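Chemist: Using the working numbering, count along the sequence shown one by one with no gaps and you end on 113.
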Amino acid sequence: MPDQSSATPWDDDLWVAERAVVLQVLREDHPRRWTRAELTVEVYDIEPASLGRALRRLKAHGVVHVDGKEVWASKCALRMDALGMVSI
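(1) When DSSP labels each residue in this structure, what does E53 get in the three-state scheme?
(2) Compute the distance between the beta-carbons of L64 and V111, then report whether it is under 9 angstroms.
(3) Look up D106 in the DSSP assignment and say whether it is helix, strand or coil.
(4) Can you give the Cα-Cα distance for A32 and R82, rounded to whole angstroms?
(5) Identify, in the order they occur along the chain, each residue of the same chain with its Cβ nearer than 8 angstroms to the Cβ of A62, setting aside the five sequence neighbours on each side.
(6) Are the stretch 94-105 and the stretch 65-77 touching by the rule of at least three beta carbon pairs closer than 8 angstroms?
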C-alpha cells in the first residue's frame with residue numbers, strides 16, 4: 026500500500042470531485058438546483074465515476090441533496106457559505 030503521509034488532498038480524485046461539486050452548488054450566478062448534466066458540463070475534467078462517488082459521499086454527509094437528476098446545497102452548506110467559511 027502506498028505511503029499516504031506524503032499525499033496531498035489534491036492527489037485524491039474523490040477529494041477534488043467533492044470540492045468541485047460544492048463550489049458549483051454554492052455559486053450565486055446559477056439557480057439553486059443543478060441537474061447532473063449541468064454539473065458534468067461544469068466539472069468536465071472530473072471523471073463521471075468520481076462525480077457520482079462525490080455526490081453520494083456529499084449526500085451521506087448532508088452537504089448536498091440529491092433527488093433524481095437534481096442536486097442542490099443543503100441549508101447547512103448554504104449557511105456556512107454565508108458565514109464566509111467556504112472559500113476557494
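Backbone N, C-alpha and C fix where the C-beta goes; we use that ideal spot for every residue, glycine too. The structure displayed is predicted, hence computed values, not measured ones.
Modeler: On the basis of the data shown:
(1) Taking the first residue of the sequence shown as position 1, residue 53 is located at position 28. E53: coil per DSSP, three-state reduction.
(2) Indexing the sequence shown from 1 puts residue 64 at position 39. Indexing the sequence shown from 1 puts residue 111 at position 86. Taking 9 angstroms as the Cβ cut-off, L64 and V111 do not qualify as a contacting pair.
(3) If you number the sequence shown from 1, residue 106 lands on position 81. Helix, per DSSP.
(4) To locate residue 32, count along the sequence shown from 1; it is residue 7. To locate residue 82, count along the sequence shown from 1; it is residue 57. Bear in mind that a pLDDT of 49 at A32, under 50, signals an unreliable position, so the number given afterwards is only what the model happens to contain. So the two alpha carbons sit approximately 20 angstroms from each other.
(5) Sequence index remark: in the sequence shown, residue 62 carries index 37 (1-based). Here the set comprises K94.
(6) no
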